[in-house]
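Taking it in order: structure first as structure tokens, then the write-up.
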Amino acid sequence: MAQQETHGFQTEVKQLLQLMIHSLYSNKEIFLRELVSNAADAADKLRYNALTNDALYEGDGELRVRVSANKEAGTVTIEDNGIGMTRDGVIEHLGTIAKSGTAEFFSNLSGDAAKDSQLIGQFGVGFYSAFIVAKKVAVETRAAGHAAEEGVKWESEGEGEFSVEDITKKGRGTKITLFLRDEEKEFADDWRLKSIITKYSDHISIPVEMWEEGKPESEGPDGEKIEATEGEWKGMNKATALWTRNKSDISDDEYNEFYKHVSHDYTDPLLWAHNRVEGKHEYTSLLYIPSKAPWDLWNRDAKQGLKLFVQRVFIMDDAESFMPSYLRFVKGLIDSNDLPLNVSREILQDNKVTQSMRSGITKRVLSMLEKLAKNDAEKYQKFYAEFGQVLKEGPAEDFANKERIAGLLRFSSTNEDSSAPTTSLEQYIERMKEGQEKIYYIVADSYEAAAHSPHLELLRKKGIEVILMHDRIDEWLVNHLNEFKEKKLHSVTQGDLELGDLEDKEEKEAAEKLAADSEALVKRVKNVLADKVSDVKVTTRLTDTPACVVTGEGEMSSQMIKLMEAAGQAVPEVKPLFEINPQHPLMERLDQEQDEEAFADWANLLLQQAQLSEKGSLADPSNFIKLMNQMLVASLK
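If you read the sequence shown in full-length UniProt numbering, its first letter stands for residue 1, the second for the next number, and so on.
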């Protein structure tokens, strides 16, 4: 007895369907691209599963996708003989999209109908694009290896409900019938469908077929009789894996369309590399650098990696073993001749062949980016704006390529002579002053906080360039990137400034004299702040600011402390080093203060002021305000 049930769509699906049904899209034809792409994926999955269970083919190993139209009925049908679905699978995959990032989908809508329609595939909701043109959609499916009586029919008008019933389906796979709305009947035309398939699906390795009517009996050029033929299914695409063809035979448009197929992105890629590697290990890779960052770039649970094929047989999506995490934005595929067809994720993790291929592919991507940076700085800057922060994970993750990755990083700096918005570490080294042995940098919460930090005062006065770091990941980065091109990276907020040969003899002598002359002041401040600071000393880094706080060499920086606190981790107590500038008017005023209570208030006020400048916040801001008000009132007397 057939079992029929009616279900309500998941809330997010209802929203999505309303968007598709009631919005006017200028690129409605994408529904066919998405449904054909899904059908081809189903065929790929069957081919993989059949490697260990040949019976799944059920005597029919010729995989295909068939598209047909019925003008009179106003329908379009897409049918495949791929893996198919069970009843539970139908309910799960066609009734919910909980895993597809629906909230992000809606947040990315721009109001531009053409662009918004292209987001459909990227967010894993390609099936629902059918409702752009259809008033009703019917799906008949049976999972490979299941009995004919275990077929399932799914049907919906996209208004909040769908029905599921048991049917008998002779062949495995899935048949989707779209009942077109009156205003969309143009798609029930063979020529229209053929043009769309040629445009979007030529690269798909599974044959995409359409029915071609037979020809009547006729005569040839020499009078010979040509017999009439019945209709037949005829391939509309090359049905050859694009990556197996010669690069010279593949147009840029074909590369672009294939990228959209493997990535579900709607924009053209920034660049790509298509390579065949021969020798000890043989494989083909087709790697793409996207133009835009995907919506889930920072989602650690999101699937990532390349599509894996073995001898042109699809094995898995998102094969993470071939691409390091810091290059997770790279899309594409790898086709290996050296891996077993029944390869598993467990084998991939420990396989020496995999490790060798991963190394080669990583170097290929880095070479692509190096070439782009060298030949088109403006285009590289666009790439870096999208993916630079992810690339900064590299030095910690990939020790073997640390120097190459560091060379690809870009930073703001205090250099004002360049029209470029950022600088590389190599460019910084080229501009280093004679006698400079270190790369000076500062990490802060924002560009403004870094650029206006009092720690830069002396360096600015001496014309020494400083790298300004203000991304959240920068503190993590410099903990793993200690040097570049044999030049040490040195934080201007930690330890001694150590200008070396950049400080002449007269300056050193003047600093030593100032420290000696200020011993009494330093001692008084140290006595007052003994429980709040690790030490007090005369600064060599300030010119216009009365005081600053510095982290001791080897101790946890204030930025790292903030990162750990934000992550809810326990942080050890780190008392800062308090550096004072005795030549500043406020410090001169403090030195003259005879009232010890007032002296203590001044010292605490200047310490909190320095901490506020360094960290952007205070543990007890009300105390700071109280002290400030007391000083203001006292100054009015």
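Glycine residues also receive a C-beta, built at the ideal position from the N, C-alpha and C atoms.
**Message:** Mapping the DSSP letters down to three states, classify E555 as helix, strand or coil.
**Reply:** The count along the sequence shown starts at 1 and reaches residue 555 at position 555. Coil.
**Asked** Just curious, the beta strand (DSSP E) that N70 is in, first and last residue?
**Response** Against the sequence shown, residue 70 aligns to sequence position 70. First-last of the beta strand (DSSP E) with N70: 65-70.
**Message:** Does Y447 pass the burial test, meaning 16 or more other C-beta atoms within 10 Å, or should it be called exposed?
**Reply:** Residue 447 sits at position 447 when you count from the first residue of the sequence shown. It is exposed - the Cβ of Y447 has fewer than 16 other Cβ atoms within 10 Å.
**Message:** Taking its Cβ as the centre, do 16 or more other Cβ atoms sit within 10 Å of A385, making it buried, or is it exposed?
**Reply:** Along the sequence shown, one-based indexing puts residue 385 at 385. Flag for A385 reads exposed.
**Element boundaries [beta strand (DSSP E), containing T177]** = The residue you call residue 177 lines up with position 177 of the sequence shown. Unbroken beta strand (DSSP E) run through T177: 173-180.
**Item:** K45 and I83 closer than 7 Å at C-beta
**Value:** Here residue 45 corresponds to residue number 45 of the sequence shown, with the count starting at 1. Here residue 83 corresponds to residue number 83 of the sequence shown, with the count starting at 1. In contact: K45 and I83 (Cβ atoms closer than 7 Å).
**Message:** Helix, strand or coil for S291? Go by DSSP, reduced to three states.
**Reply:** To locate residue 291, count along the sequence shown from 1; it is residue 291. Three-state DSSP puts S291 in coil, outside helix and strand.
**Asked** L287: which of M323, L341, L636, E503 sits nearest, CA to CA?
**Response** Along the sequence shown, one-based indexing puts residue 287 at 287. Among M323, L341, L636, E503, the Cα nearest to that of L287 belongs to M323.
**Prompt:** Would you report the Cα separation of I625 and S412, rounded to the nearest angstrom?
**Reply:** Stepping through the sequence shown from its first residue, residue 625 is reached at position 625. Stepping through the sequence shown from its first residue, residue 412 is reached at position 412. Those two C-alpha atoms are separated by around 33 Å.
**Request:** Would you kindly work out how many angstroms separate the C-alpha atoms of V208 and Y200, rounded to a whole number?
**Result:** Residue numbering aside, residue 208 sits at position 208 when the sequence shown is read from its first letter. Residue numbering aside, residue 200 sits at position 200 when the sequence shown is read from its first letter. The straight-line gap from Cα to Cα measures roughly 11 Å.
**Asked** Would you call D517 buried or exposed, if buried means 16 or more other Cβ atoms sit within 10 Å of its Cβ?
**Response** As a working mapping, residue 517 is identified with position 517 in the sequence shown. The residue is exposed, with fewer than 16 neighbouring Cβ atoms inside 10 Å.
**Presumed contact (8 Å Cβ cut-off) between L425 and F484, rounded CB distance** = The residue given as residue 425 occupies position 425 in the sequence shown. The residue given as residue 484 occupies position 484 in the sequence shown. Going by Cβ atoms, the distance from L425 to F484 rounds to 5 Å, so yes, they are a contact pair.
**Prompt:** For the beta strand (DSSP E) that H490 lies in, which residues bound it at each end?
**Reply:** Start at 1 with the first residue of the sequence shown, and residue 490 comes out as number 490. Segment 487-491, the beta strand (DSSP E) holding H490.
**CA nearest to the CA of S557, picked from V525, G171, E573** = Here residue 557 is taken as the residue at index 557 of the sequence shown, counted from 1. Among V525, G171, E573, the Cα nearest to that of S557 is on E573.
**Request:** State the beta-bridge partners of Q494 as determined by DSSP.
**Result:** As a working mapping, residue 494 is identified with position 494 in the sequence shown. In the DSSP output, where bridge partners are listed per residue, Q494 has T551.
**Asked** Closest by CA to D202, which one among E232, G89, Y255, Q311?
**Response** Reading the sequence shown from its first residue, position 202 is the one you call residue 202. Checking every option, the nearest Cα to that of D202 belongs to Y255.
**Counterpart residues of L333 in DSSP-defined beta bridges** = Position 333 of the sequence shown holds residue 333. In DSSP, L333 forms a bridge with L286, K307.
**Message:** Is M469 near the ligand ADP - that is, is its Cβ less than 6 Å away from at least one heavy atom of it?
**Reply:** This structure simply doesn't include the ligand ADP, nor any ligand for that matter.
**Request:** Return helix, strand or coil for T6, following the three-state DSSP convention.
**Result:** Counting from 1 along the sequence shown, the entry for residue 6 is found at position 6. Of the three classes helix, strand and coil, the one that applies to T6 here is strand, per DSSP.
**Asked** From what residue to what residue does the alpha helix (DSSP H) around L468 run?
**Response** Here residue 468 is taken as the residue at index 468 of the sequence shown, counted from 1. Run containing L468: none in the alpha helix (DSSP H); it sits in the beta strand (DSSP E), 467-469.
**Asked** Should L606 and L627 be called a contact, given that it needs their Cβ atoms to be closer than 7 Å?
**Response** By one-based count along the sequence shown, residue 606 stands at place 606. By one-based count along the sequence shown, residue 627 stands at place 627. Cβ atoms of L606 and L627: not closer than 7 Å.
**Prompt:** A40: which of E62, F162, A55, E58 sits nearest, CA to CA?
**Reply:** Here residue 40 refers to the residue found at position 40 of the sequence shown. Here the closest residue by C-alpha is E62.
**Request:** Flag this pair as yes or no: are the beta carbons of S68 and W295 separated by less than 7 Å?
**Result:** Indexing the sequence shown from 1 puts residue 68 at position 68. Indexing the sequence shown from 1 puts residue 295 at position 295. No, Cβ-Cβ distance for S68 and W295 is not below 7 Å.
**Asked** Buried or exposed: S622, going by 16 or more other Cβ atoms within 10 Å of its Cβ?
**Response** Residue numbering aside, residue 622 sits at position 622 when the sequence shown is read from its first letter. So S622 counts as exposed.
**Item:** Residue from T284, Q592, R142, Y441 whose Cα sits closest to the Cα of L468
**Value:** On the sequence shown, position 468 is the one that residue 468 refers to. The residue with the shortest Cα to Cα distance from L468 is Y441.
**Asked** Excluding the five sequence neighbours on either side, which residues of its own chain have a C-beta within less than 6 Å of the C-beta of A302, listed in chain order?
**Response** By one-based count along the sequence shown, residue 302 stands at place 302. For A302, where only same-chain residues beyond five positions count, the Cβ hits under 6 Å are D296.
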